[in-house]
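J.: The structure follows.
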Amino acid sequence: MQNDDVIWDVIRHHHCSYMAKIQTGNFCRNPYNVTGICNRSSCPLANSRYATIRDHDGIFYLYMKTIERAHMPNKLWERVKLPKNYMKALEIIDKHLEYWPKLLVHKIKQRLTKMTQYRIRMVKLSKKVREKIMTVPRKEVKRESRREEKALRAAQIENVIEKELLERLIKGVYPDICNYDEEIFNKLLDKNKVEEQEEEEEEEAEVEYVEGDYEIEEEEELEDIEDMGDFLKANNFDDIEGDEDDLEEQPAKKKAYVSYPLKQDDGTEKVRRKGKKVVVEVERDEDMGNRQHNAMSNCAHQKLRFWHVFGRISRFFSRQSYQFEGIFFFFFCFRFFLCRTMIDLWFYSQEMLQRDSLLL
Amino acid sequence: MAKEKKRKAAEEAVDGDDYIEREDEKPKKQKLILASQIKNKEKRSAVYAKLKHEKRVEKRKKIKARDAASKQALELGEEPPEKMVPRTIENTRELDETVCRPDDEELFAGNDADEFSAVLKQQTAPKVLITTCRFNSSRGPAFIKELLSVIPNAQYYKRGTYELKKIVEYAKNKEFTSIIVVHTNRREPDALLLIGLPDGPTAHFRLSNLVLRKDIKNHGNPTSHEPELVLNNFTTRLGHRVGRMIQSLFPQVPNFRGRRVVTFHNQRDFIFFRHHRYVFEVKEKKEGLKDKKSKASQGKTEKKAIARLQECGPRFTLKLVSLQHGTFDTKGGEFEWVHKVTLSHVYSHLTLD
């Protein structure tokens, strides 16, 4: 015989396997429970007339149990499919549970509301793109890091890069990098190349990527004379005498810069004006002194260049016909330079004159 | 002790020719007892130390003999005996069919029809969009700042909660040529997603060993000149494709005056990224330093032309995890290559190299 009170008494005070005790209260894990709480009115076992809503694959079903079928557990629960429309589902619930206790019906409707809401949310979430976290087993991570270390050691990256850059330099990819002296470098590179070729073994054809060859030549602009004021103020005259080539063994005339066009040397300077650019050929004499420098810095180059240019210009003006203009030139520069430096300049230009006259 | 005695006896039996009968008996009992089989720790360590010492002595003898032989040969004017080359993975690579050959017509045709050919032929200038994943990371922002200084014409956009596909669309509208997504795991940049636009392939790299500029000793500061690219060792077809993809991030006309070089060096499927400033110099190498007693000047000073590098910018390694055809679409996209872990690792089987 089905006596709900007896059942409840036994369940509550002794043991119910569906009960889960948590800090906040007692919960019922029975899938047919409407509210989920372990209560006298919500326990599906202790109520012979009971109803729930359960969800299968997004479709809600209304389950009902009556006391008439209590002796046939197989056919105990009657199932009604509920439509997806919330209002229609409510109507159907009302229809089936018309004469049932209001409390239960109310609880069922509440449950239906909750379930429809979370169904909507689930559908929305599944449409959204979420990041999936892929884990990599630790063994693999360690293995990869070990292999990476070994690969790094085998790679010898710095050496490879340096070699590659030198190769590109030899090939001539770089049109002008002005911090080295082209002549020395070419000589040394040819030597290097010869050495390498002797040692070289057969290499496989590697596909290498090189940035497109930059073949546009630049012509260096000579700064206007006005700007030289800064140079002179900044630099000491004393420095200039010392700056020399380290190429004593080189034959007579050498070029200082890559991009300067080749000219014949007949002892005269050529000052050409191409619009705003002034292309000047710089020639160096071989007996310039003994001090050696390994590589000339950019500053030193420009300093030297300036002085040479100035010397040329002053020599030009010092010719008989241009004496008058020469004086103008002198005073023109005077505006911008310090007195002392001007005098030094003048002496220097005179010196250059003498030297040239000796040569001539 | 008993074992040791047995071992000694066994050795003696082998050495000595007198006891022939013993030799016939001994083979059954004559087992080479490894040092690891001795249970007594002190004895075991002593035996092992002795073994090691013997091995070392042998090795030294060999080396000396080899050196003497080569020296002799040089003096006599003959060819020195061949130097032994150690076996490396690079030496023992199996013949790979997919290695690019320099005369491959198909390859060049493929290159022309590539997604990157527009950028690489300088028809469009590369424009890069950098963004992150949704989560925070402590080193991420610093890394991205450095990436912005390495790659010219790159812009950083905050991620927000946009889907990646929407970001791709947005970038297409704004005419970007590629997207870089820096992905974070456990507050460290962990992966790099390189998406080419439009319809470019998506490459997923795993990032490791990130060293930021401030952590490098004597680092240099990069300028804003366009860098030179050096891509080493991308030999297979897949490697070639990845190489071109990386190349399409950078402008094709480098400014050599800036003397900046960005290197992607591929070794055994790991792509090492380096960023340097370089300088060409003449180095004097003095020879004959060994002879300290000579009163004469120190031989000739040989001058060599070298390139000197100063590292600037971040340093990291990439490993290709997957290459997908088309823009980012993990569910519907077609994967050209996915990294599969095989149980048996064949050392010389490499995919990008």
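Chains as they are written, first to last, in my numbering: chain A, 1 to 360; chain B, 1 to 353. Glycine residues also receive a C-beta, built at the ideal position from the N, C-alpha and C atoms. All figures in this text were calculated on a predicted structure; none of them were measured in a lab.
(1) Give me whichever residues DSSP pairs with C28 of chain A in a beta bridge.
(2) Return the CA-CA distance between E208 of chain A and G239 of chain B, expressed in angstroms with no decimal places.
(3) With H, G and I counted as helix, E and B as strand and the rest as coil, what does DSSP make of T35 of chain A?
(4) Run through chain D and tell me which residues come within less than 8 Å of P175 of chain A, C-beta to C-beta.
(5) List the whole-angstrom C-beta distance separating L323 of chain B from P201 of chain B, where the pair is believed to meet the contact cut-off of C-beta under 8 Å.
(6) Name the chain B residues whose beta carbon is nearer than 8 Å to that of V129 of chain A?
(7) Pair every Cβ in the segment 50–58 of chain A with every Cβ in the segment 97–105 of chain A, then say whether three or more of these pairs are closer than 8 Å.
(8) For R40 of chain A, collect the residues of the same chain with a Cβ closer than 6 Å to its Cβ; drop the 5 residues on either side in sequence, then sort them by chain order.
(9) Within 8 Å (strictly less), CB to CB, does S145 of chain A reach chain B?
(10) So if DSSP puts Q310 of chain B in a beta bridge, which residue, or which two residues, is it bridged to?
(11) Does chain B have any CB closer than 8 Å to the CB of M288 of chain A?
(12) Are the beta-carbon atoms of F250 of chain B and I179 of chain B separated by less than 8 Å?
(13) Under DSSP, the alpha helix (DSSP H) around D94 of chain A begins and ends at which residues?
(14) Between T330 of chain B and D199 of chain B, which are expected to be in contact by the criterion C-beta below 8 Å, what is the C-beta distance as a whole number of angstroms?
(15) Apart from the five residues just before and just after E202 of chain A, which ones in its own chain have a Cβ nearer than 6 Å to its Cβ?
(16) What would DSSP say about S322 of chain B, mapped onto helix, strand or coil?
(17) What are the residues of the segment 83–94 of chain B that lie near chain A, defined by any Cβ-Cβ distance shorter than 8 Å?
(18) Hey, out of B:K286, B:P222 and B:R268, whose CA is closest to R259 of chain B's CA?
(19) On the three-state DSSP scale, how would you describe F256 of chain B?
(20) The beta strand (DSSP E) spanning D190 of chain B covers which residue range?
(21) Alpha carbon to alpha carbon, how far is N186 of chain A from E248 of chain A? Give it in angstroms, no decimals.
(22) Just to confirm, is the Cβ distance from Q155 of chain B to I195 of chain B under 8 Å?
(23) Which class does W346 of chain A belong to by DSSP, given the choice of helix, strand or coil?
(24) Measuring alpha carbon to alpha carbon, tell me which of B:L343, B:S344 and B:L352 ends up nearest W337 of chain B.
(25) Would the segment 269–284 of chain B count as touching the segment 305–314 of chain B if we require 3 or more Cβ pairs under 8 Å?
(26) Around the C-beta of M228 of chain A, are 16 or more other C-beta atoms found within 10 angstroms, so that it is buried, or is it exposed?
(27) Go ahead and label I63 of chain B buried or exposed: buried means 16 or more other beta carbons lie within 10 angstroms of its beta carbon, across all protein chains shown.
(28) Check each residue of the segment 65–97 of chain A: if its Cβ is closer than 8 Å to any Cβ of chain B, include it; give the result in chain order.
(29) Cutting at 6 Å between CB atoms, please list the residues of its own chain near G275 of chain A, excluding the five before and the five after it.
(30) Locate the beta strand (DSSP E) running through R206 of chain B, then write down its first and last residues.
(31) Would you mind giving the Cβ-Cβ distance between T263 of chain B and I161 of chain A, rounded to the nearest angstrom? I have them listed as a contact below 8 Å.
(32) Since L166 of chain A and A46 of chain B should fall inside the 8 Å C-beta cutoff, what is the C-beta to C-beta distance between them, to a whole number of angstroms?
(33) Can you give the Cα-Cα distance for N209 of chain B and V168 of chain B, rounded to whole angstroms?
(34) Just mark R130 of chain A as buried or exposed, buried being the case when its beta carbon has 16 or more other beta carbons within 10 Å.
(35) Which chain B residues sit within Cβ distance under 7 Å of V160 of chain A?
(36) Identify which residue in A:I59, A:M134, A:M19 and A:D4 has its Cα closest to the Cα of R119 of chain A.
T.: Reading it off the structure:
(1) DSSP output for C28 of chain A lists A:M19 as bridge partner(s).
(2) At E208 of chain A the pLDDT is 48, less than 50, meaning the model places this residue with poor confidence and gives no usable figure here.
(3) In this structure, T35 of chain A counts as coil in the three-state DSSP scheme.
(4) Protein chains in the displayed structure are A and B, and chain D is not among them.
(5) The pair is a contact, with the Cβ atoms about 6 Å apart (cut-off 8 Å).
(6) Taking the beta carbon of V129 of chain A as reference, the chain B residues within 8 Å of it are E163, L164 and K165, listed in sequence order.
(7) Cβ pair count under 8 Å is three or more, so yes.
(8) Excluding five sequence positions before and after R40 of chain A, the CB atoms of its chain that fall closer than 6 Å to its own CB belong to W8, given in chain order.
(9) Yes, its Cβ sits closer than 8 Å to a Cβ of chain B.
(10) In DSSP, Q310 of chain B forms a bridge with B:R277.
(11) Summary for M288 of chain A: the model assigns pLDDT 43, below 50, so the residue's position carries little reliability, and this model does not support an answer.
(12) Their beta carbons are not under 8 Å apart, which means F250 of chain B does not touch I179 of chain B by this criterion.
(13) That run of the alpha helix (DSSP H) goes Y86 to H96.
(14) Going by Cβ atoms, the distance from T330 of chain B to D199 of chain B rounds to 16 Å, so no, they are not a contact pair.
(15) A caution first: E202 of chain A carries a pLDDT of 40, below 50, which makes its placement in the model unreliable, though a value can still be read off. Excluding sequence neighbours, E202 of chain A sits near nothing in its chain.
(16) DSSP places S322 of chain B in strand when its eight states are reduced to three.
(17) Within the segment 83–94 of chain B, the qualifying residues are T88, I89 and E90.
(18) For the residues B:K286, B:P222 and B:R268, the minimum Cα distance to R259 of chain B belongs to B:P222.
(19) Three-state result, F256 of chain B: helix.
(20) Per DSSP, D190 of chain B belongs to the beta strand (DSSP E) from E188 to G196.
(21) At E248 of chain A, the pLDDT of 38 sits below 50, so the modelled position is not reliable; the number obtained from the coordinates is stated separately. Going from the Cα of E248 of chain A to the Cα of N186 of chain A covers about 17 Å.
(22) Cβ atoms of Q155 of chain B and I195 of chain B: not closer than 8 Å.
(23) W346 of chain A falls in the helix class under three-state DSSP.
(24) Out of B:L343, B:S344 and B:L352, B:L352 has the C-alpha closest to the C-alpha of W337 of chain B.
(25) Flag = yes, the segment 269–284 of chain B and the segment 305–314 of chain B touch.
(26) Residue placement at M228 of chain A cannot be trusted, given a pLDDT of 45 that sits under 50; what the coordinates show is reported in the next sentence. Classification for M228 of chain A: buried.
(27) Around the C-beta of I63 of chain B, fewer than 16 other C-beta atoms lie within 10 Å, and the residue is accordingly described as exposed.
(28) Answer in chain order: no residues at all.
(29) Confidence in G275 of chain A is poor, its pLDDT being 45 and thus under 50, which makes the residue's placement too unreliable to answer from.
(30) For R206 of chain B, the enclosing beta strand (DSSP E) has its first and last residue at T202 to V211.
(31) About 5 Å separates the beta carbons of T263 of chain B and I161 of chain A, which is inside the 8 Å limit, making them a contact pair.
(32) Not confirmed; about 54 Å, so no contact.
(33) Distance between the alpha carbons of N209 of chain B and V168 of chain B: 28 Å.
(34) Burial call: exposed.
(35) Within chain B, the residues N232 and H265 have their CB atoms less than 7 Å from the CB of V160 of chain A, given in chain order.
(36) Checked all of A:I59, A:M134, A:M19 and A:D4; the closest Cα to R119 of chain A is A:I59.
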